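Q: Here the protein sequences come in this chain order: R and Y.
The numbering of the first sequence is our numbering, which starts it at 21 and goes up by one.
The numbering of the second sequence is our numbering, which starts it at 4 and goes up by one.
Beta carbons: idealized from backbone N, C-alpha and C, even for Gly.
A quick note: this is a predicted structure, and the numbers were derived from the prediction, not measured.
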Amino acid sequence: MYNLKRIIRQKSSWILITIFIVLFIILIFLFKYLFIVENTIEVNIYDKHKNRDIIIYEDYNKVKQELSAKEDILYIFKDYESLELNNSEIGNFNITPLLNAEMPTLIKGTYPKKENEILLPNLNFINGKKAYLTSYLGKNITLTLNNEKTLTFTITGIYDSQNIHSIIYNLENINYLCEKLPSYIYTGYTRVIINHYKNYEKLKENVDLELSLYDRSGLDEIEIYNSLFKLVLLIVIIMIIFTLSILIIISSIMFNNSKEQRFIEFTEGYSEKNISINYIDYYIKIMVISFIISILSYILLTKIYKYFIVTDNLVLNTLFTLNINNLFLLPIIIIILTISVILYIYIYFKVKLSIKKI
Amino acid sequence: MIMPKFKIVLHKFLRNKLNYIICLLIALCFSFSIIINSLSYSARKYYEDDIFNFVSYRVFSIVNPINRKDLINTLNNMNEIEGVFDSYGYMSPWELPEFNNYFKDNKTPNMWLLGMIGDIKIIDNSKINLSEEMEMVCPNNYLPYEKDGKPVADKKIDLTPYIGKYINFRYIDENNPQEFKIKLVGLYDNDKINKNYNMCYMNYKALEKINKEVLNLPKTNVYYQLKNIADEEKVTTKLQEMGYYPDPIVFLNRMPALESLDLLVYISYGIFFISLFIVSCIIYYNILKNKKNFLINRTYGYSFKNNLINSIFESLILFFFSFLFTIIFNLVIYNIIKRIIPIYYPSFKNITIIISPVVFLQALLFILILCFLLNLISLILNHQKSIYNNINM
């Protein structure tokens with residue numbers, strides 16, 4: 021068996037280890053990149069409220085009876101026409117009813133639970149002037165609903181108005197607002213929020229009701245991001261093939277160069293089996309050392325990035341964030357095991373053939 | 004004197020199998036990194052130019068602006084704005100009586116008419132500027148029917164025979180049906196965009212004229228079209244500071260895509276530099292292997308000058324074969340990728356793979372530098388060493 025000290029003393033071993041470390045780090049980054057892109061698309065595109073909001077062209081009671089037991093359904097409510105809240109002090113706002121889990125991250129305050137609680141954006145423009153609404157936190161405010169009814173609300177939280185610009189209301193209390201208005205606010209249909217866009221097709225197949233996405237404007241986006249992910253996956257697979265082929269070629273070159281050493285070992289009395297095991301052992305140790313150092317190097321790189329490099333690219337920032345829950349190491353381990361098996365079979369047959377030549 | 008020496012070095016080089024493998028490995032490393040860099044860059048460009056910059060994503064609306072005239076003046080004075088218009092034409096689809104019962108299903112296919120300004124790219128990659136006359140550009144892949152928000156793929160109408168001809172459009176209104184003749188001047192490649200299967204584009208002024216005749220709606224909103232989608236944030240921020248909140252006509256969140264593709268380009272450059280590192284390691288490993296031969300030459304009386312000339316010749320030969328194999332590999336890998344990828348990913352044929360000559364020349368330059376530099380460094384380092392100690396190590 022190959023002595024660890026002997027491996028460490030040889031310069032050619034260190035060249036091999038260094039190349040393996042670099043290639044393992046590439047594999048780590050490539051797999052992590054794939055996981056991050058998939059997660060970014062899930063969170064920013066599929067997981068959007070509008071892509072999980074379904075309208076069913078049936079009465080509420082019938083839908084509730086049929087669907088309430090299904091585990092993919094988050095909430096069922098009566099469909100309504102548009103709702104708007106106005107106030108001359110803070111301006112005009114649409115209402116965006118969301119479930120608590122879907123609400124944006126708050127700058128201050130807590131999420132609304134009761135019927136008279138709302139979230140406001142931190143910023144609005146009133147008569148061309150910037151108005152910060154943070155000072156309204158915790159206060160009561162009178163708003164006019166659809167220019168018909170005046171209601172008092174408590175502002176329980178303020179969110180960053182970068183992407184959304186409306187009053188956020190707890191969807192579970194939407195009936196409270198609709199019941200304040202005349203009955204024609206209800207369309208007679210039912211709306212359902214599911215837990216993931218991909219369960220929409222499943223719901224269509226399993227349920228004998230006419231349904232569609234309430235807002236289909238997200239479908240184009242989904243199609244574009246589906247095709248983007250496939251393209252990214254293809255390019256990453258090409259990179260992985262490249263990395264693996266380099267790994268295998270270099271290993272076989274290094275192994276070929278041990279021809280003289282193998283012949284000497286055979287003349288010294290080692291059998292074919294022992295020579296093969298010797299070299300398999302050598303490569304196992306090289307791979308293990310390289311893998312451990314590559315993981316440590318990745319951890320070090322994440323620390324260096326965190327302390328010295330700051331960018332706006334969220335995907336890049338996530339790539340250099342150490343997250344124990346990521347499963348990206350699993351495919352790498354599977355690949356390393358597969359390469360090892362290929363290499364070892366190669367070593368075994370190469371030794372057998374070369375010994376026969378003597 | 005030089006030629007016989009060169010022939011000896013060449014002969015020695017060609018006899019050693021390891022040299023071929025090293026050249027192949029150098030070529031493989033650089034070819035793959037060139038192709039990966041080209042793919043990543045081409046993908047980024049495809050999404051930025053063809054998908055995100057499509058006219059639908061560059062049109063924004065401001066609902067019921069307080070000071071309409073003021074807003075229109077401001078928009079007209081911005082360099083980033085291609086045009087400002089009062090109506091987008093997004094009323095309802097129009098019927099095409101010409102294709103009535105086309106699929107023997109007693110239905111009349113529909114088409115949306117949308118307004119735009121400026122150039123639109125058509126299928127032969129040239130651009131058409133739609134005039135204020137009744138002319139339009141329609142999709143190459145026209146699928147008139149939709150089911151659950153998705154087009155029905157097996158019901159396609161080929162509009163190619165109608166290029167240069169007038170097509171009748173009928174407004175769907177039982178009480179007041181009206182027909183207009185609009186000339187089809189070209190087809191845009193909607194396969195690239197993955198959508199827009201039933202939308203034709205015409206100059207917004209021409210569209211506003213026919214919309215007024217059909218349904219004279221009061222002017223409430225203001226629409227504007229950007230020259231480039233990259234200016235979206237700048238224009239939106241400026242308008243928000245004035246108290247206006249523009250909304251895109253077709254919402255598309257570009258940021259996750261652009262960030263992911265940017266990173267892919269950076270990773271590909273990273274692979275390029277890692278290829279350099281791997282190639283350096285391989286060449287250095289080869290030098291380690293040849294160290295004994297080099298020291299034996301010294302015992303035969305080779306001077307530093309002789310070894311230097313041999314080293315230069317070896318580097319040149321290594322570079323030449325690496326360069327040759329790089330070109331062959333590039334052509335082979337490029338053709339394989341072009342033929343195989345579209346089988347699994349049909350949209351890939353819309354992407355033009357641009358092999359950047361800069362990256363290619365960079366790769367060749369680095370191969371040349373590496374081949375020479377490493378050999379020379381090794382020569383200089385080994386020249387001073389004790390022969391006895393080094394041979395017996």
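In terms of alpha-carbon separation, which member of L279/Y, L261/Y and N293/Y lies closest to V362/Y?
A: Per the Cα distances, L279/Y.
Q: Taking V308/R as the reference, give the member of L357/R, N81/R, I324/R and S278/R with the closest Cα.
A: Closest by alpha carbon: L357/R.
Q: Do N160/R and T172/R count as a contact pair if the criterion is CB distance below 7 Å?
A: Yes, these two residues count as a Cβ contact at 7 Å.
Q: When you compare only the Cα positions, how much space is there between N120/R and T130/R?
A: Between N120/R and T130/R, the C-alpha separation is close to 10 Å.
Q: Please identify the residue among Y245/R, T162/R, Y95/R and N64/R whose C-alpha is closest to the C-alpha of N106/R.
A: Nearest of Y245/R, T162/R, Y95/R and N64/R to N106/R, Cα basis: T162/R.
Q: Identify each residue in the region 280–297 of chain Y for which the Cβ-Cβ distance to at least one residue of chain R is less than 9 Å, and report them in chain order.
A: Hits within the stretch, in order: F280, I281, C284, I285, Y287, Y288, L291 and K292.
Q: Can you check which of these residues, T154/R, L165/R and Y220/R, is closest to N71/R by C-alpha distance?
A: When each option's Cα is compared against that of N71/R, the closest is Y220/R.
Q: Taking C-alpha atoms, which residue in I38/Y, A366/Y and I131/Y lies nearest to I357/Y?
A: Comparing Cα positions, the closest option is I38/Y.
Q: Leaving out five residues before and five after I367/R in sequence, what residues of the same chain have Cβ atoms less than 8 Å from its Cβ?
A: Excluding positions up to five away in sequence, the list reads F275, S296, Y299, I300 and Y303.
Q: Can you grab the Cα-Cα spacing for the pair M396/Y / L291/Y, in whole Å?
A: With a pLDDT of 46 at M396/Y, under the threshold of 50, the predicted position of this residue should be treated as unreliable, and no value is reported.
Q: Mapping DSSP to helix, strand and coil, what is P154/Y?
A: If DSSP states are grouped into helix, strand and coil, P154/Y belongs with the strands.
Q: Taking only beta-carbon positions, decide if E262/Y is within less than 7 Å of chain R.
A: For E262/Y, the answer is yes, since a Cβ of chain R falls inside 7 Å of its Cβ.
Q: By the 10 Å Cβ neighbour count, where 16 or more other Cβ atoms means buried, how is R444/Y classified, buried or exposed?
A: Nothing in the structure corresponds to residue 444/Y, since chain Y is present only between 4 and 396.
Q: Which of helix, strand or coil does DSSP assign to D12/R?
A: This structure cannot speak to residue 12/R, because chain R is shown only from 21 to 378.
Q: Could you spell out the range, first to last residue, of the alpha helix (DSSP H) harbouring E211/Y?
A: It spans Y207 to V217 - the alpha helix (DSSP H) in which E211/Y sits, taken as one unbroken run.
Q: Assign F369/R to one of two classes, buried (16 or more other C-beta atoms within 10 Å of its C-beta) or exposed (fewer than that).
A: By the neighbour-count rule (16 or more Cβ atoms within 10 Å), F369/R is not buried but exposed.
Q: Looking at the secondary structure, which residues open and close the beta strand (DSSP E) in which V212/R lies?
A: Unbroken beta strand (DSSP E) run through V212/R: Y206 to I214.
Q: Could you give the DSSP three-state label for M123/R: helix, strand or coil?
A: Three-state result, M123/R: coil.
Q: Return no unless some Cβ of chain R is closer than 7 Å to the Cβ of S350/Y.
A: True, the Cβ-Cβ gap to chain R drops below 7 Å.
Q: Taking the C-alpha atoms as reference points, what is the distance between I277/Y and F369/Y?
A: Their Cα atoms are separated by approximately 12 Å.
Q: Given that V252/R touches chain Y, what residues does it touch there, using C-beta distances under 7 Å?
A: Here the neighbours are S263 and L267.
Q: Could you check whether the region 164–180 of chain Y touches the region 221–240 of chain Y, counting it as contact only if at least three pairs of C-beta atoms, one from each stretch, sit closer than 8 Å?
A: Output reads no: the region 221–240 of chain Y does not touch the region 164–180 of chain Y.
Q: Run the proximity test for N276/R: is its beta-carbon closer than 6 Å to any non-hydrogen atom belonging to the ligand MG?
A: Of ligands this structure carries none, so the ligand MG is not represented either.
Q: Got a sec? Which residues, its chain only, sit under 8 Å from K224/R by beta carbon, not counting five neighbours each side?
A: If we look at K224/R and ignore the five residues flanking it on each side, its Cβ neighbours are L231.
Q: Evaluate T287/R with the Cβ neighbour count: other Cβ atoms within 10 Å of its Cβ, from every protein chain shown; 16 or more gives buried, anything less gives exposed.
A: Looking at its Cβ environment, which holds fewer than 16 other Cβ atoms inside 10 Å, T287/R is exposed.
Q: With DSSP run on the structure shown, which of helix, strand or coil describes V227/R?
A: Coil, per DSSP.
Q: Take N79/Y and list the residues in its own chain whose beta-carbon comes closer than 8 Å to its own, dropping the five residues that flank it on each side.
A: Once the five neighbours on either side are set aside, the close Cβ partners of N79/Y are V87.
Q: From the DSSP secondary-structure annotation, give me the bridge partner or partners of E138/Y.
A: The partner list for E138/Y (beta bridge, DSSP) reads K186/Y.
Q: Helix, strand or coil: which one does DSSP assign to G238/R?
A: Reduced to three states, the DSSP call for G238/R is helix.
Q: Below 8 Å, can you find three or more Cβ-Cβ pairs linking the region 243–254 of chain Y to the region 61–73 of chain Y?
A: Yes, the region 243–254 of chain Y touches the region 61–73 of chain Y.
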